[in-house]
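Numbering (the numbering used here), first residue to last: 46 to 434. Each remark here refers to the structure printed beneath this line.
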Ligand code: ATP
Ligand code: MG
């Protein structure tokens, strides 16, 4: 098993002080799949105060002391280390009322969501796999640890995590786990918008987003979190960007309902703006064919031009000619905005334009230049204005 030396340092240091310590969770899963792991988590029998003593010479951040999580900055690299724990009663289908620390790795692994996420590894002990996680990993299966209904009623967020992992890893959800999702899905209504949005983000950019979303729709889960979404196979053809894929799902939704949904999900202003513009573009614009139309659309859509073409392409339109036209337009550096006009607001004022007439005239000039970019020279634009008046 290959993992960075700062992880090894943390595990070995804990072991040298007589504690158990293992690599656990997503990084181990990804390493076994030969995927690039994200964040590395270490689990240990040491209590938080014991960890603080063990790493007294390192910088330690009290990330979630109450839940047993410390971040050790080993050589400046952050490693999350969590004490073995058992989650207490879940009263609101999300937060355990209490956590209890334990010295048993088995108890810690049993509280984890899915078998593929519930393995531990250390060089001394090798792989600890109490729930058949390795086999599920090899067969491509998401299976709840323990009784699935109990696990989803404890924490309904796990329902969305199941779909997210199915999307990210291209795994199927095991039948009993899926049946329990259907039974327990109502618990999702108690989950915060931020957590739902963050799971949707991971889900939409996954390799199996279409499969996972179709299953979410069939099991009635999608109706609880985003009833307006229209899931089509074309989704798979889109770039793996959250805003683009979300816009595609919401492409038929009217402006008010769209705004309500995006705000209810508490998405960032940037994502809300991108999704809204893309949906409005897809409802109002068609595929541009000739250079003037392409320039007009590039001017209107800005950085969303390519994502918009990708949406049209996903719908089966032949966008290649428009893409090539855009490449020519960029290569020539055709003017696409008022700020690139050869005649600016200050020039217009010298020519006697005042107040609102300045802006309106700039708009008029841009319009002309979008039709014919060779017009974008100071003298030609002045001529153009004389003719227009
Ligand atoms: P990712 O690659 O997306 O980070 P991950 O498996 O590391 O996936 P995290 O959310 O970082 O997911 O959680 C780390 C580990 O903690 C999981 O692998 C799982 O063992 C456990 N875990 C996280 N959230 C839950 C939960 N809601 N219920 C049970 N176990 C959980
Ligand atoms: Mg993780």
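Here a beta-carbon is modelled for each residue, glycine too, at the ideal position from N, C-alpha and C. These figures come from a predicted structure and were not determined experimentally.
message: Just list the residues that DSSP pairs residue 125 with in beta bridges.
response: According to DSSP, which records beta bridges pairwise, residue 125 is partnered with 86 and 116.
query: Curious, which full-length alpha helix (DSSP H) runs of at least 4 residues does the segment 284-318 contain?
result: Counting whole runs of 4 or more residues, the segment 284-318 contains the alpha helix (DSSP H) stretches 287-294 and 300-309.
- prompt: Would residue 32 pass as a contact of residue 100 if the rule is Cβ separation under 9 angstroms?
  reply: Missing from the structure shown is residue 32; the chain here goes from 46 to 434 and no further.
field: Collapsed DSSP secondary structure at residue 107 in the structure displayed
entry: For residue 107, the secondary structure class from DSSP, reduced to helix, strand or coil, is strand.
query: Do you know how far the Cα of residue 406 is from the Cα of residue 331?
result: Here the C-alpha atom of residue 331 lies approximately 27 angstroms from the C-alpha atom of residue 406.
query: Nearest CA to the CA of residue 112: which residue from 131, 119 and 102?
result: Minimum Cα distance to residue 112 is reached at 131.
query: Is residue 64 near residue 94, with beta carbons less than 9 angstroms apart?
result: In this structure, the beta-carbon distance from residue 64 to residue 94 does not fall below 9 angstroms.
- request: Between the Cα of residue 211 and those of 106, 257, 192 and 263, spot the shortest distance and give me the residue it belongs to.
  value: It is 257.
message: Just to confirm my understanding: we take residue 213, look at its own chain, exclude 5 residues before and 5 after, and list those with CB closer than 6 angstroms. What are they?
response: Taking C-beta separations shorter than 6 angstroms and ignoring five residues to either side along the sequence, the partners of residue 213 in its chain run 251, following chain order.
In DSSP terms, what residue 172 is bridged to: According to DSSP, which records beta bridges pairwise, residue 172 is partnered with 166.
query: What residue range is occupied by the uninterrupted alpha helix (DSSP H) comprising residue 255?
result: 254-263 is the span of the alpha helix (DSSP H), which, as asked, contains residue 255.
message: For residue 56, list the residues DSSP reports as bridge partners.
response: Residue pairing for residue 56: DSSP places it in no beta bridge.
- request: Determine the burial state of residue 431: buried for a count of at least 16 other Cβ atoms within 10 Å of its Cβ, exposed for fewer.
  value: Burial is judged here by how many other beta carbons sit within 10 angstroms of a residue's own beta carbon; residue 431 has fewer than 16 and is exposed.
task: Could you please go through the chain and list the residues whose beta-carbon is closer than 7 angstroms to any non-hydrogen atom of the ligand MG?
output: Those residues whose C-beta sits under 7 angstroms from the nearest heavy atom of the ligand MG are, from N- to C-terminal order along the chain, 70, 71, 72, 83, 84 and 86.
- prompt: Are the segment 359-374 and the segment 390-404 in contact at 8 angstroms, needing three or more beta carbon pairs?
  reply: Taking one beta carbon from each stretch, the segment 359-374 and the segment 390-404 have fewer than 3 pairs nearer than 8 angstroms; the two do not touch.
query: Looking at the unbroken beta strand (DSSP E) that takes in residue 67, where does it start and where does it end?
result: Unbroken beta strand (DSSP E) run through residue 67: 66-69.
message: Which residue wins for smallest C-alpha separation from residue 70, given the options 58, 87, 198 and 79?
response: The shortest Cα separation from residue 70 among 58, 87, 198 and 79 belongs to 87.
Between the CA atoms of residue 222 and residue 120 - distance to the nearest angstrom: Roughly 41 angstroms separates the two Cα atoms.
- prompt: Taking 8 angstroms as the cut-off, is the CB of residue 188 close to at least one heavy atom of the ligand ATP?
  reply: No.
message: Closest to residue 176 by C-alpha separation, out of 306, 390 and 159, would be which residue?
response: Put simply, of 306, 390 and 159 the residue whose alpha carbon is nearest the alpha carbon of residue 176 is 159.
query: Are residue 156 and residue 190 touching if we call contact CB-CB under 9 angstroms?
result: Contact flag set, yes.
message: Under 8 angstroms: do the segment 370-383 and the segment 300-316 share three or more Cβ pairs, one atom per stretch?
response: Short answer: they don't touch.
- prompt: Since residue 201 and residue 178 are thought to touch, with beta carbons under 8 angstroms apart, how far apart are those beta carbons, to the nearest angstrom?
  reply: Separation of the CB atoms of residue 201 and residue 178 is rounded to 22 angstroms, and the pair is thereby denied contact status at 8 angstroms.
field: residue 375, DSSP secondary structure in three states
entry: Reduced to three states, the DSSP call for residue 375 is helix.
task: Quick one: grab the DSSP three-state call for residue 146.
output: DSSP places residue 146 within a strand segment (E or B) once states are collapsed to three.
message: With a threshold of 9 angstroms between beta carbons, is residue 194 in contact with chain D?
response: No chain D appears in this structure, which consists of one protein chain only.
- prompt: So is the beta-carbon of residue 253 under 8 angstroms away from any non-hydrogen atom of the ligand ATP?
  reply: It does not: the Cβ of residue 253 is nowhere closer than 8 angstroms to a heavy atom of the ligand ATP.
query: To the nearest angstrom, how far is it from the Cα of residue 197 to the Cα of residue 229?
result: Each residue's alpha carbon lies about 6 angstroms from the other.
task: Please name the residue, chosen from 369, 53 and 194, that lies closest to residue 232 on a Cα-to-Cα basis.
output: For the residues 369, 53 and 194, the minimum Cα distance to residue 232 belongs to 194.
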